[in-house]
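> Got a structure for you, written out below as structure tokens; questions coming shortly.
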Amino acid sequence: MHRKTFRDMQCPIARSLERVGEWWSILILREASYGTTRFDDFQRRLDIAPNMLTRRLSALVEEGLLARRQYCDRPPRFEYVLTDAGRDFRPVLWALLAWGNRHFAPEGIAAQLIDRETGQVVEPVVVDAVTGVRLDPTRHVPGAGPMASESMRARLARAAEFASGQSAGPAEASAEKVEDVSE
1 MHRKTFRDMQ CPIARSLERV GEWWSILILR EASYGTTRFD DFQRRLDIAP
51 NMLTRRLSAL VEEGLLARRQ YCDRPPRFEY VLTDAGRDFR PVLWALLAWG
101 NRHFAPEGIA AQLIDRETGQ VVEPVVVDAV TGVRLDPTRH VPGAGPMASE
151 SMRARLARAA EFASGQSAGP AEASAEKVED VSE
């Protein structure tokens with residue numbers, strides 16, 4: 001069975017998942033952002049099979065999220081370091097950390113973000129880089145970019161309608177029909 005590829009889709013979320021959507025990839029990027037660089041250290045910290053780690057590291061190098069650098073000539077030994085694209089993924093990891101703490105940590109918080117200067121716990125939020133305004137799903141919606149296809153434009157227009165409450169989703173539409181029938 002062949003896995004579907006998202007590489008050629010216009011959706012940037014799908015294209016991103018093509019690169020990091022496999023859970024080992026995200027955990028490897030997490031460890032790399034914590035300073036792990038060597039194969040044995042990744043393997044030990046993640047308890048991942050060597051063949052799987054080899055595949056995931058190779059894929060992350062191929063996708064440009066990690067760079068492979070030789071650090072020893074005899075025997076040849078390599079380390080894996082974040083590239084600019086890999087470093088740009090850190091805020092995604094922080095958002096996952098906060099989301100996981102909020103929704104999936106019934107025993108309490110085991111890891112959190114700390115401001116190095118103040119020592120205070122910080123809560124990541126997404127803000128517009130131009131205005132500094134916090135992104136809010138009631139105010140901000142995905143929109144078509146200049147290269148969007150007609151189907152992408154239609155999908156994003158539908159998403160904007162849904163977000164603004166102008167159009168009911170399938171569940172709400174079904175509920176409305178049931179209410180109409182019962183009256």
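Mapping of the sequence shown onto the UniProt record's numbering: residues 1 to 183, in sequence order. Note that beta-carbon positions come from the ideal geometry of N, C-alpha and C, so glycine has one too.
(1) Straight-line CA distance for residue 226 to I26?
(2) Tell me the rounded alpha-carbon separation between E150 and R158.
(3) Under a three-way DSSP split, which group does I114 fall into?
(4) Give the straight-line distance between the Cα atoms of D84 and A105, rounded to the nearest whole angstrom.
(5) So who's on the other strand from Y80, going by DSSP bridges?
(6) For G86, which residues of its own chain have a beta-carbon under 7 Å away from its beta-carbon, when the five flanking residues on both sides are left out?
(7) May I have the straight-line CA-CA distance separating V181 from V20, to the nearest angstrom?
(8) Per the DSSP calculation, V122 is bridged to which residue(s)?
(9) Can you tell me which of T36, F89 and F42 puts its alpha carbon nearest to the alpha carbon of L17?
(10) Is it buried or exposed for V80, if we count other Cβ within 10 angstroms and need 16 for buried?
(11) Report the rounded CA-to-CA distance for W94 versus V121, giving the unit in angstroms.
(12) Can you give me the start and stop residues for the alpha helix (DSSP H) that L96 sits inside?
(13) Mind checking who V127 pairs with in its DSSP beta bridge?
(14) What is the DSSP secondary structure of R30, counted as helix, strand or coil?
(15) Residues in its own chain within less than 7 Å of A163 by CB, not counting five upstream and five downstream?
(16) Between which residues of its own chain and V61 is the CB-CB distance below 6 Å, once the five residues before and five after are set aside?
(17) Per DSSP, which one or two residues make a beta bridge with R38?
Based on what the coordinates show:
(1) What the structure shows of the chain is the stretch from 1 to 183, and residue 226 is not part of that stretch, so it cannot be assessed.
(2) 12 Å
(3) strand
(4) 31 Å
(5) R68
(6) L29, A32, L65 and L66
(7) With a pLDDT of 33 at V181, under the threshold of 50, the modelled position of that residue is not reliable, and the figure given next carries that caveat. About 46 Å.
(8) L113
(9) F89
(10) Residue identity check: residue 80 is Tyr in the sequence provided, not Val. Counting Cβ neighbours within 10 Å, Y80 comes out buried, since at least 16 surround it.
(11) 12 Å
(12) R90 to H103
(13) R134
(14) helix
(15) P137 and V141
(16) R68
(17) E79
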